[in-house]
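Here is the structure we will look at.
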Amino acid sequence: MKTITKHYIDGSLVESHGREVMDSINPTNGQVIARVTLADEEDARRAIAAAKRAFASFGQTTKEERMEILRRLNQAVSARSDDLTETMVEEYGGVVQFASLIVQAGAGVFLSAEKALRELPLTRSWGKTTVTLEPVGVAGLISPWNANAFFLCMKLASAVAAGCTVVMKPSELSALQTRVWLECVHEAKLPKGLCNVVSGRGEVVGAELVRNPDVAKISFTGSAAVGRSIMRESAATMKRITLELGGKSPNILLDDADLKKAIPNAFIIGFLNNGQACVAGTRLLVPKSRFAEVKQVILDTVPAFPVGDPADPKTAVGPMVNQKQYQRVQSYIRRGIEEGAEVLVGGEGHPPGLESGYFVKPTIFVNVTNDMTIAREEIFGPVLSVITYEDEADAIRIANDTEYGLHAYVSGTDIQRARRVASQIQAGRVAINGMLDDQQAPFGGFKHSGVGREFGTFGIEAYLEPRAILE
Ligand code: NAD
35 MKTITKHYID
45 GSLVESHGRE
55 VMDSINPTNG
65 QVIARVTLAD
75 EEDARRAIAA
85 AKRAFASFGQ
95 TTKEERMEIL
105 RRLNQAVSAR
115 SDDLTETMVE
125 EYGGVVQFAS
135 LIVQAGAGVF
145 LSAEKALREL
155 PLTRSWGKTT
165 VTLEPVGVAG
175 LISPWNANAF
185 FLCMKLASAV
195 AAGCTVVMKP
205 SELSALQTRV
215 WLECVHEAKL
225 PKGLCNVVSG
235 RGEVVGAELV
245 RNPDVAKISF
255 TGSAAVGRSI
265 MRESAATMKR
275 ITLELGGKSP
285 NILLDDADLK
295 KAIPNAFIIG
305 FLNNGQACVA
315 GTRLLVPKSR
325 FAEVKQVILD
335 TVPAFPVGDP
345 ADPKTAVGPM
355 VNQKQYQRVQ
365 SYIRRGIEEG
375 AEVLVGGEGH
385 PPGLESGYFV
395 KPTIFVNVTN
405 DMTIAREEIF
415 GPVLSVITYE
425 DEADAIRIAN
435 DTEYGLHAYV
445 SGTDIQRARR
455 VASQIQAGRV
465 AINGMLDDQQ
475 APFGGFKHSG
485 VGREFGTFGI
495 EAYLEPRAIL
505 E
């Protein structure tokens, strides 16, 4: 059994002032694997003070100095990618094939930020006017449990590129993963106080970051409900905010889609990260004319997406992160049945033989209408809703009939047509023919999926304040 009692403040691991102790549970078997001492407001204030002291010098660094730090962070995280992956599998239940990709993407984001910083002009001038982009100050970075190492890397990369110092508040469900990640950060030998990390509850440590006048900016990834409260609370100290919130992403199969490719892709997109992904494509929009065919290809595809031990490289879907998340997914499956959707695959309860962990049955509903709860609310589990549409205009209307707008997917053979459809979707990203990523492209949401963007120059600009000097 591991014990974690320290936070990372001012360049070293220090004993927690907070005394609350929480068990960390392996979601695959329900066993307690660690005891974690959670931070309190005082730990958060100490971390903020360290970041404030460090900002006095780090805020003055040059592009080259920050680029050098980003390269060091990339090396330090890359060197421990196997350990980070293993802990993500153990503590979170991420399937190993996905967890390792997530960790590699996290390490890579430092180099993407380095490239973006090199390309981003920090000074612009015309006539006798000079505009410089200045780091906003101490940033509070609050992240969720579903891809912990990736979010820590991504948020730190943009903030460092901009010249901000940070206090990071990972999810309290990610203490073991955070510890390994912290060892990487320590290895990268950053200036003292540049990166401080306190693991504690959102309503305690997170709330202190949002309230504290010495924090100039909050970058938050998490649920829309908490995002709304952060937006409200931040107003008192006029904080700059970036909010990366939930989604209910549509995946439009156009009528010329190759179902043999598009349906396996729909499984990957829908069940991504055990369905606990903000970008999961959980509404599969299919042409009414091909509905029977779609159902058959779905049934044929099920065996290729086995649920089970996340450490097994053949597993496609692992357990939910905890009992609460298991119950949440069960309640949505029940609600779908009550509202008249038909279970094509899966349903309520544990998959046979997997009763000891927080496993749910990957579930696919058909005969779903877009007004049903399962089509409107973010479930955050492997539950896919198949909705039929009449024609292209109807598909676009249904895709946009949601309060979210984080991501969307379009599959079709005629690429010009797929692009035309993509350009009418109200979402921060639309991927054509598959699950795609580009770490220079902006990531973030329209509507209730958030405010602002991360990644590339867009992500760095979110930590900068323009100052114009006029003569
Ligand atoms: P959550 O909102 O419950 O928690 C996210 C983080 O906020 C955690 O660190 C939590 O401790 C903290 N927090 C909670 N209450 C707080 C408060 N009052 N003040 C400050 N901080 C507080 O979300 P979660 O359950 O950890 O993660 C799942 C959610 O995250 C889903 O809705 C998912 O869509 C979203 N998400 C979004 C993205 C994105 O990039 N858009 C990525 C991943 C996850």
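Following my numbering, the numbering of the sequence shown begins with 35 at its first residue and continues without gaps. Here a beta-carbon is modelled for each residue, glycine too, at the ideal position from N, C-alpha and C.
{"Item": "Please classify residue 504 as buried or exposed, where buried requires at least 16 neighbouring CB atoms within 10 angstroms.", "Value": "exposed"}
{"Item": "Quick test of the definition: if touching needs 3 or more C-beta pairs under 8 angstroms, does the stretch 271-288 touch the stretch 434-450?", "Value": "yes"}
{"Item": "So what does DSSP say about residue 114, is it helix, strand or coil?", "Value": "coil"}
{"Item": "At what residue ranges does the stretch 315-347 contain a whole run of the alpha helix (DSSP H), taking only runs of 4 or more?", "Value": "325-335"}
{"Item": "Where do the N-terminal and C-terminal ends of the beta strand (DSSP E) with residue 71 fall, by residue?", "Value": "66-71"}
{"Item": "Looking at the strands, I want to know which residues DSSP matches up with residue 442.", "Value": "464"}
{"Item": "Excluding five sequence neighbours on each side, which residues of the same chain lie with their C-beta closer than 7 angstroms to the C-beta of residue 63?", "Value": "390, 391"}
{"Item": "How many angstroms separate the CA atom of residue 113 from the CA atom of residue 290?", "Value": "44 angstroms"}
{"Item": "What alpha helix (DSSP H) runs, 4 residues minimum, are completely inside the stretch 205-261?", "Value": "209-221, 241-245"}
{"Item": "Just to confirm the assignment, what range does the alpha helix (DSSP H) spanning residue 143 have?", "Value": "130-153"}
{"Item": "May I have the straight-line CA-CA distance separating residue 96 from residue 231, to the nearest angstrom?", "Value": "24 angstroms"}
{"Item": "Out of 366, 254, 376, which one is the CA nearest neighbour of residue 204?", "Value": "254"}
{"Item": "Considering only residues of the same chain and omitting the five flanking positions on each side of residue 491, which have a CB-CB separation below 7 angstroms?", "Value": "150, 153, 154"}
{"Item": "Decide if residue 101 is buried, meaning its Cβ has at least 16 other Cβ atoms within 10 Å, or exposed.", "Value": "buried"}
{"Item": "Which value, in whole angstroms, describes the spacing of the CA atoms of residue 161 and residue 502?", "Value": "12 angstroms"}
{"Item": "For residue 176, is the beta carbon positioned less than 6 angstroms from some heavy atom of the ligand NAD?", "Value": "yes"}
{"Item": "With which residues is residue 57 paired in a DSSP beta bridge?", "Value": "69"}
{"Item": "Between which two residues does the beta strand (DSSP E) containing residue 454 stretch?", "Value": "No beta strand (DSSP E) contains residue 454, which is instead part of the alpha helix (DSSP H) from 449-456."}
{"Item": "Consider the C-beta atom of residue 280 and the heavy atoms of the ligand NAD; say whether any pair is separated by less than 6 angstroms.", "Value": "yes"}
{"Item": "Following a CB-centred definition, is residue 187 positioned closer than 6 angstroms to any heavy atom of the ligand NAD?", "Value": "no"}
{"Item": "Ordered along the chain, which non-local residues of its own chain (more than five positions away) have a Cβ less than 8 angstroms from that of residue 117?", "Value": "214"}
{"Item": "Excluding the five sequence neighbours on either side, which residues of its own chain have a C-beta within less than 6 angstroms of the C-beta of residue 228, listed in chain order?", "Value": "88, 92, 199"}
{"Item": "In the DSSP assignment, the beta strand (DSSP E) including residue 421 goes from what residue to what residue?", "Value": "417-423"}
{"Item": "According to DSSP, is residue 498 helix, strand or coil?", "Value": "strand"}
{"Item": "Going by alpha carbons, who is nearest to residue 462 out of 139, 452, 489?", "Value": "489"}
{"Item": "In angstroms, rounded to a whole number, what distance separates the CA positions of residue 148 and residue 223?", "Value": "17 angstroms"}
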